[in-house]
Amino acid sequence: MADLTTSYLGLTLRNPLIASASPLSASVETIRQMAEAGVAAVVLPSLFEEQIELRDLGVHDASKANQALLPDALQHIPEMKEYNQGAGGYLAHIYQVKKAVSISVIASLNGYYSGGWVQYARLIEAAGADALELNIYHLATKPHISGTEVEQMYLNLVRSVKDKIRIPVAVKISPYFSAMTHMAVQLDQAGADALVLFNRFYQPDIDPEMEQVIPSLELSDARELRLRLRWVGILAQYVKADLAVTGGVHSGLDMLKCVLAGARVVEVASALLKYGVGHIATMLSDLDTWLAEHGHEALRPLHGRMSQPNVADPAAFERANYMHVLKTGFG
Ligand SMILES: Cc1cc2nc3c(=O)[nH]c(=O)nc-3n(C[C@H](O)[C@H](O)[C@H](O)COP(=O)(O)O)c2cc1C
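At position 227 of the sequence shown (counting the first as 1) the number is 254 in the numbering used here, and the numbers step up by one without a gap.
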């Protein structure tokens, strides 16, 4: 087996395959199975900003049930009125997962507004998470909110979380910035230890018969990888932060492409939900086979080998309009 080790967020990982935040990582038992199948780390499902702020809903009594599952240092949390069941349960989950597996455990917070809830990052650190992924989700639908304001919100949040904790912070963003490279550099300067490209949103559908808008989440397919490959390939030269790809990584070859473009790791959800946890071993073994067939003993030297400055035709990463593509053919 080739040496697949990589480093991400200051952690040494046995390979670049991370189980992304999804219902699979909500269960300690499934995480144990994914670790056995070979993932190097797991991202827990996100705890939402709203869950932390919903403390007035009177659900904190139920949180006592989680008390026995918490480490000594956090025994007081379920008693604290500030934290609801969801939030208390989340800390217990981190602690239980850390006890169950030896792979790295990355907690996830989802929000966009830098408020009091950010304090919660400290508890996540205290519960034993190796790193924190901030899934920043903001759909800018209000006409009075400008792109600059949205960007500032993101940066304030990153700075404020970085200020509170010592564990590394990855920032998961969407592809919908008008100036992606500028934004990525700003996030880098705000202290993001990694950028995770890109989160996927629920997209509403319309049911014409019922005249209803239906929320729908479809699993990704490998075509979504292209957008990520482009941006990892371009951003690798501009940011110090590690780069991770999430979205459309379905095979060992997809994983390889991401590493060649400049990603340290991939975070996979859809392929594992679709094909099952056994797919982890298939992806790793396909990657290993490719490396062996091409005479590589280790993956690490291939990192960034096909990022924009390292390819014969750097402009190919930027070609986006039909005229150029049609000249070179399509298919
Ligand atoms: C059912 C489901 C639940 C998810 N929950 C979360 C979540 O809680 N937090 C998060 O950051 N991403 C979440 N994601 C996004 C995935 O972690 C992943 O980034 C995204 O699906 C793209 O990767 P994929 O193409 O491998 O699915 C979820 C995805 C799915 C399909």
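Yeah, the Cβ is synthetic: ideal placement off N, Cα and C, and Gly gets one too.
Contact under 8 Å by Cβ, residue i with residue j
{"i": "Leu311", "j": "Gly274", "result": "no"}
{"i": "Asp281", "j": "Ala249", "result": "yes"}
{"i": "Arg257", "j": "Thr33", "result": "no"}
{"i": "Glu176", "j": "Gln213", "result": "no"}
{"i": "Asn183", "j": "Ile200", "result": "no"}
{"i": "Leu224", "j": "Arg253", "result": "no"}
{"i": "Lys191", "j": "Val145", "result": "yes"}
{"i": "Ala271", "j": "Glu294", "result": "yes"}
{"i": "Ala64", "j": "Ala308", "result": "yes"}
{"i": "Ser187", "j": "Ser141", "result": "yes"}
{"i": "Ile163", "j": "Tyr139", "result": "yes"}
Exposed unless 16 or more other CB atoms sit within 10 angstroms - verdict on residue i
{"i": "Asn348", "result": "exposed"}
{"i": "Ile261", "result": "buried"}
{"i": "Val240", "result": "exposed"}
{"i": "Phe344", "result": "buried"}
{"i": "Pro43", "result": "buried"}
{"i": "Ser243", "result": "exposed"}
{"i": "Ser135", "result": "buried"}
{"i": "Ser205", "result": "exposed"}
{"i": "Ile233", "result": "exposed"}
{"i": "Ala46", "result": "buried"}
{"i": "Gly289", "result": "buried"}
{"i": "Phe228", "result": "exposed"}
{"i": "Ala339", "result": "exposed"}
{"i": "Gly37", "result": "exposed"}
{"i": "Glu76", "result": "buried"}
{"i": "Tyr35", "result": "buried"}
{"i": "Gly116", "result": "buried"}
{"i": "Arg120", "result": "One point to set straight first is that residue 120 is His, not Arg, in the sequence displayed. The residue in question, His120, is buried, as its Cβ has 16 or more Cβ neighbours within 10 Å."}
{"i": "Gln78", "result": "buried"}
{"i": "Glu106", "result": "At Glu106 the pLDDT is 45, less than 50, meaning the model places this residue with poor confidence; the figure from the coordinates comes in the next sentence. The residue in question, Glu106, is exposed, as its Cβ has fewer than 16 Cβ neighbours within 10 Å."}
{"i": "Ala114", "result": "buried"}
Same chain, Cβ closer than 6 Å to residue i, five either side skipped, listed in chain order
{"i": "Lys371", "result": "Residue 371 is absent from the model: the chain starts at 28 and stops at 358."}
{"i": "Lys125", "result": "Val132 and Gly155"}
{"i": "Ser297", "result": "Leu246 and Ser247"}
{"i": "His277", "result": "Ala249 and Ala298"}
{"i": "His330", "result": "Val286"}
{"i": "Arg327", "result": "none"}
Nonlocal neighbours in the same chain, by C-beta distance under 7 Å from residue i, ignoring five residues either side
{"i": "Val128", "result": "Ile58, Arg59 and Ala62"}
{"i": "Ile194", "result": "Glu152, Ala156, Asp157, Ala158 and Leu159"}
{"i": "Val325", "result": "For clarity, residue 325 is Ala in the given sequence; the question names Val instead. Same-chain partners within the cutoff: Ala29 and Asp30."}
{"i": "Gln230", "result": "Ser243"}
{"i": "His321", "result": "none"}
Residue nearest to residue i in terms of C-alpha spacing, selected from the options
{"i": "Tyr359", "options": "Asn226, Pro336, Lys199 and Val295", "result": "Any answer about residue 359 is impossible in this case: the structure gives the chain only from 28 up to 358."}
{"i": "Ser73", "options": "Ala48, Leu300 and Ser54", "result": "Ala48"}
{"i": "Lys301", "options": "Leu40, Arg41 and Pro50", "result": "Pro50"}
{"i": "Leu222", "options": "Pro235, Glu238 and Thr208", "result": "Thr208"}
{"i": "Ser54", "options": "Leu31, Glu77 and Tyr122", "result": "Tyr122"}
{"i": "Leu283", "options": "Phe75, Gly303, His306 and Arg332", "result": "Arg332"}
{"i": "Leu118", "options": "Gly143, Gly138 and Arg149", "result": "Arg149"}
{"i": "Asp30", "options": "Ala68, Pro170 and Leu314", "result": "Leu314"}
{"i": "Cys285", "options": "Ser52, Ala263 and Gly305", "result": "Ala263"}
{"i": "Leu40", "options": "Leu329, Gly115, Val70 and Ile130", "result": "Ile130"}
{"i": "Met210", "options": "Glu324, Met180 and His120", "result": "Met180"}
{"i": "Val185", "options": "Asn137, Leu166, Met28 and Lys169", "result": "Asn137"}
{"i": "Tyr203", "options": "Leu71, Ala167 and Glu238", "result": "Ala167"}
{"i": "Gln216", "options": "Gln230, Pro231 and Val198", "result": "Val198"}
{"i": "Met28", "options": "Pro328, Ala342 and His323", "result": "His323"}
{"i": "Val66", "options": "His171, Glu56, Pro170 and Val304", "result": "Val304"}
{"i": "Leu161", "options": "Leu71, Ala342, His306 and His171", "result": "Leu71"}
Check: residue i C-beta below 7 Å from any heavy atom of ligand 2
{"i": "Arg291", "result": "Only ligand 1 can be found as ligands here, which leaves ligand 2 out of the picture."}
Beta-carbon contacts of residue i that lie in its chain and below 8 Å, excluding the five residues immediately before and after
{"i": "Trp317", "result": "Gly279, Leu280 and Leu283"}
{"i": "Val69", "result": "Ile45, Ala46, Ser52, Ile58, Met61, Ala62, Val124, Val128, Ile130, Ser131, Val132 and Ile133"}
{"i": "Pro341", "result": "Gln335"}
{"i": "Asp220", "result": "Leu36, Gly37, Ala158, Pro195, Val196, Ala197, Ala268 and Asp269"}
{"i": "Ser165", "result": "For the sequence presented, residue 165 should be read as His rather than Ser. So the qualifying residues of the chain are Tyr139, Val177, Met180 and Tyr181."}
Item to complete: Give, in chain order, every unbroken run of the alpha helix (DSSP H) that is at least 4 residues long and sits entirely within the stretch 237-276.
Response: 252-262
Item to complete: Would you mind listing the beta strand (DSSP E) stretches within the stretch 150-194 that are 3+ residues and don't spill past its ends, in chain order?
Response: 158-163
Worksheet item: Can you list, in chain order, the stretches of the alpha helix (DSSP H) that have 4 or more residues and sit fully within the stretch 280-348?
Response: For the stretch 280-348, whole alpha helix (DSSP H) runs of length 4 or above, ordered along the chain, are 297-302 and 306-320.
Worksheet item: Can you list the beta strand (DSSP E) stretches of 3 or more residues lying completely in the stretch 37-71, in chain order?
Response: 38-40, 44-46 and 68-70
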